[in-house]
Amino acid sequence: MMMLSQTEIENSASIEECYRKNTHSSERLYTQALTAMPSGITHDLRWQTPYPLYVSRGEGCRKWDIDGNEYIDYLSGHGALLLGHGRPELVEAVQHQLERGTHFGGNHELEVRWAQLVQQLIPSAERVRFTASGTEATLLALRLARAHTGRSKFIRFAGHFHGWHDHFVTGYSSHFDGSVAPGVLPEVASATLLANPGDEESVNKYIDSDPDIAAIVVEPTGGHFGSSPLDPSFLKFLRDAANAANIVLIFDEVVTGFRVSPGGAQAHYNIVPDLTTLGKILAGGLNGGAIAGRADIMGQLDFAVSANEGREKIAHAGTFNGNPLSAAAGVAALQIVATTDVCDKANRYCADLRHALNEVLADEGLTWVVYGEFSGFNLFTNPKEHEISPLDFDPIALHPLEIVQNDTKLMMLIRLGMLINGVDLTPRFSGWVSAVHGYEELHSTVTAFRNTIGMLRREPGLTI
Ligand code: PMP
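For the sequence shown, this note's numbering gives the first residue as 56, with consecutive numbering after it.
Okay, structure coming up:
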């Protein structure tokens, strides 16, 4: 239920005024949050002007804020909730485990089942090691690749996100010129060889001119789950290039794993990396990550293998690695992924959603476009006014970094407009679809988009 009617919305002076009228309790809580946490938030993606929403409850593909407003949820737990909020099998598994203990400081049966499910689903997973987050998984992947090859640098792609640790902060959303992000050691930043996504020539040049490359790391469906799209033929090129130079190919499947298909992007495209990093859906909506891959590379974590080979084992600890609660949720989630069509369902819904939203844009005469693949969608508002037909657009045709450049203020207004109309998505107007979004939600999302465009057209000082 929304607090403002369409008439009240139309009678408001601005989009921000509408948002404020709807969300008094969030505004009050944010004032307190500001005095306790930098920007009042715990993740940069949750920053929002004039203030973010505070959510009290989720169910299926919907959630409610603390003022009682209901939203269709396309944040989907940053992509972790392929099965939606409160899936009964997961709730039951976690409750059952909660009563038995949340941490044994030891090994337990569920972590073995969990690793076996990863092995069963992910083609590259000869061995699995759990971490507490996707960020930790990419950190460990680099260490393994460096130790395995005895080399230090790695190739990554502009706009691809691999977590927030020092090695990957250069070249994700800034520092594309190789400059050093605050707080990062220059020698750490200088190990990054940055290329544009899809740029085979740059990758070849790096490999030909530098014998010190340990790894190539890529988000296999493109930066930020395809916000910055990637031609899949590039994956084959990377596989061949890495093979030829004995470089470790790492697919970061933290978001695509168990989502694009039960076996991730690698199963869909039939290209097997040497190492895979996992997270999100892996742990069924609780925290968790994993690295999976070739037995010889993963063997560096193995006491017996390392001793036999006469080399120092790679160190890896972590209090919450494979913890029983995450394992319970993860096993329940992966069993559903393995035995049902949840990935296909989410993919189909999202394709229909993208199409329906593009029909709205075409109807409204806007040269914006909603694009994406699998269960992801993104909006490009075309600031340079290219000739674009929303219903016939190839995102690969645009530069992979241009397509993510929208006007920040406009995007914030669109986000507020969608919230006022009962839809929550990211500040970039992107989202992750779950397997429980249905056609009622699709219809409501389309209506919300149409209403939002109406609000933008009435917004003082804005022309679209
Ligand atoms: N890699 C990718 C591709 C991701 O999408 C994310 C999370 N958005 C991460 C790594 C980092 O995972 P986490 O947030 O669990 O640390």
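Idealized CB from N, CA, C, for every residue including glycine.
Local Cβ density within 10 Å of residue i, reported as buried at 16 or more and exposed below that
i, result
"Leu240", "exposed"
"Ser60", "exposed"
"Arg512", "exposed"
"Tyr494", "exposed"
"Ile458", "buried"
"Phe306", "buried"
"Glu452", "In the sequence on display, residue 452 carries Ala and not Glu. When all chains shown are included, Ala452 counts as exposed."
"His498", "exposed"
"Gln103", "buried"
"Glu440", "exposed"
"His222", "buried"
"Glu350", "The identity of residue 350 in the sequence shown is Ala, whereas the question assumes Glu. Exposed."
"Arg206", "buried"
"Gln355", "buried"
"Glu274", "buried"
"Gly348", "buried"
"Gln150", "exposed"
"Ala250", "buried"
"Asn66", "exposed"
"Gln152", "buried"
"Ile127", "buried"
"Asn124", "buried"
"Ser282", "buried"
Where residue i falls: helix, strand or coil (DSSP)
i, result
"Phe435", "strand"
"Trp169", "helix"
"Asp418", "helix"
"Leu59", "coil"
"Val183", "strand"
"Asp263", "helix"
"Arg512", "helix"
"Lys335", "helix"
"Lys368", "coil"
"Ala347", "strand"
"Leu330", "strand"
"Val315", "coil"
"Ala478", "In the sequence on display, residue 478 carries Val and not Ala. Residue state, collapsed to three classes: strand."
"Asp221", "helix"
"Val310", "coil"
"Arg206", "coil"
"Phe448", "coil"
"Arg470", "helix"
"Arg211", "strand"
"Ile305", "strand"
"Gly486", "strand"
"Ser361", "helix"
"Phe504", "helix"
"Gly160", "coil"
"Gly493", "coil"
"Gln460", "coil"
"Leu153", "helix"
"Ser499", "helix"
"Thr518", "coil"
CB-CB length for residue i against residue j, believed under 8 Å
i, j, result
"Met353", "Arg182", "4 Å"
"Gly318", "Leu176", "5 Å"
"Thr186", "Leu197", "Not confirmed; about 13 Å, so no contact."
"Ile302", "Ile268", "5 Å"
"Phe289", "Gly233", "Incorrect: roughly 22 Å between the Cβ atoms, too far for contact."
"Val415", "Phe448", "Not really, about 14 Å apart at Cβ, beyond 8 Å."
"Ile96", "Met510", "Contact doesn't hold; Cβ gap of about 25 Å is too wide."
"Leu199", "Leu333", "Actually they are not in contact, since the Cβ atoms of Leu199 and Leu333 sit about 14 Å apart, beyond 8 Å."
"Ala345", "Ala192", "6 Å"
"Thr507", "Asn476", "6 Å"
"Leu480", "Tyr129", "4 Å"
"Ser131", "Ser489", "5 Å"
"Gly189", "Val309", "4 Å"
Requested in this report: Identify every run of the alpha helix (DSSP H) within the region 68 to 151, keeping only runs that are complete inside it and at least 4 residues long; order them along the chain.
Outcome: Counting only runs of 4 or more, we get 70 to 77, 79 to 89.
Query raised in the report: Below 8 Å, can you find three or more Cβ-Cβ pairs linking the region 423 to 439 to the region 308 to 323?
Result: Touching, yes, given that three or more Cβ pairs across the two stretches are closer than 8 Å.
Query raised in the report: Is the region 135 to 148 touching the region 105 to 121, taking contact as three or more C-beta pairs under 8 Å?
Result: Three or more Cβ pairs drawn from the region 135 to 148 and the region 105 to 121 lie within less than 8 Å of each other, which places the two stretches in contact.
Query raised in the report: Between the region 467 to 480 and the region 292 to 303, do at least 3 Cβ pairs fall closer than 8 Å?
Result: No: fewer than three Cβ pairs fall under 8 Å.
Query raised in the report: Can you find at least 3 beta carbon pairs, one from the region 372 to 388 and one from the region 354 to 362, that sit closer than 8 Å?
Result: Output reads no: the region 354 to 362 does not touch the region 372 to 388.
Query raised in the report: Counting only runs that start and end within the region 373 to 432, where is the alpha helix (DSSP H) found for 4 or more residues in a row?
Result: Counting only unbroken stretches of 4 or more residues, the alpha helix (DSSP H) elements lying wholly within the region 373 to 432 are 379 to 394, 397 to 418, in sequence order.
Query raised in the report: Three or more beta-carbon pairs under 8 Å between the region 409 to 419 and the region 232 to 250, yes or no?
Result: Two segments are said to touch when three or more pairs of C-beta atoms, one from each, lie closer than 8 Å; by this definition the region 409 to 419 does not touch the region 232 to 250.
Requested in this report: Flag this pair as touching only if the region 200 to 215 and the region 164 to 178 have three or more C-beta atom pairs under 8 Å; answer yes or no.
Outcome: With fewer than three CB-CB distances shorter than 8 Å, the region 200 to 215 does not count as touching the region 164 to 178.
Query raised in the report: What runs of the beta strand (DSSP E), each 3 residues or longer, lie entirely inside the region 236 to 299?
Result: Segments of the beta strand (DSSP E) lying fully in the region 236 to 299: 247 to 250, 268 to 273.
Requested in this report: For the region 394 to 408 and the region 478 to 485, state whether three or more C-beta atom pairs, one from each stretch, are separated by less than 8 Å.
Outcome: Contact fails: fewer than three Cβ-Cβ distances are below 8 Å.
Query raised in the report: Between the region 80 to 87 and the region 144 to 152, do three or more beta carbon pairs fall short of 8 Å?
Result: Because the criterion of three Cβ pairs below 8 Å is not met, the region 80 to 87 and the region 144 to 152 do not touch.
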